[in-house]
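Novice:
Numbering (our numbering), first residue to last: 114 to 151.
Okay, here's the thing in structure tokens:
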């Protein structure tokens, strides 16, 4: 159970990191668009 649980948590953390990268990437693009309009 210990090894199974750790691998499962690893997959979840990797997915969370990928999701954060997508969110930060989108946020940066939106900020760039807003700053160029000003």
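Glycine included, every Cβ here is placed at the ideal spot set by N, Cα and C.
Can you grab the Cα-Cα spacing for the pair residue 125 / residue 132, in whole Å?
Specialist: Taking the first residue of the chain shown as 1, we reach residue 125 at position 12. Taking the first residue of the chain shown as 1, we reach residue 132 at position 19. Cα to Cα, residue 125 sits roughly 10 Å from residue 132.
Novice: Roughly how many angstroms separate the alpha carbons of residue 117 and residue 123, rounded to a whole number?
Specialist: Start at 1 with the first residue of the chain shown, and residue 117 comes out as number 4. Start at 1 with the first residue of the chain shown, and residue 123 comes out as number 10. One C-alpha to the other measures close to 10 Å.
Novice: Rounded to the nearest angstrom, what separates residue 128 and residue 143 at their Cα positions?
Specialist: Within the chain shown, residue 128 is the residue found at index 15, counting from 1. Within the chain shown, residue 143 is the residue found at index 30, counting from 1. Rounded to whole angstroms, residue 128 to residue 143 spans 23 Å at the Cα level.
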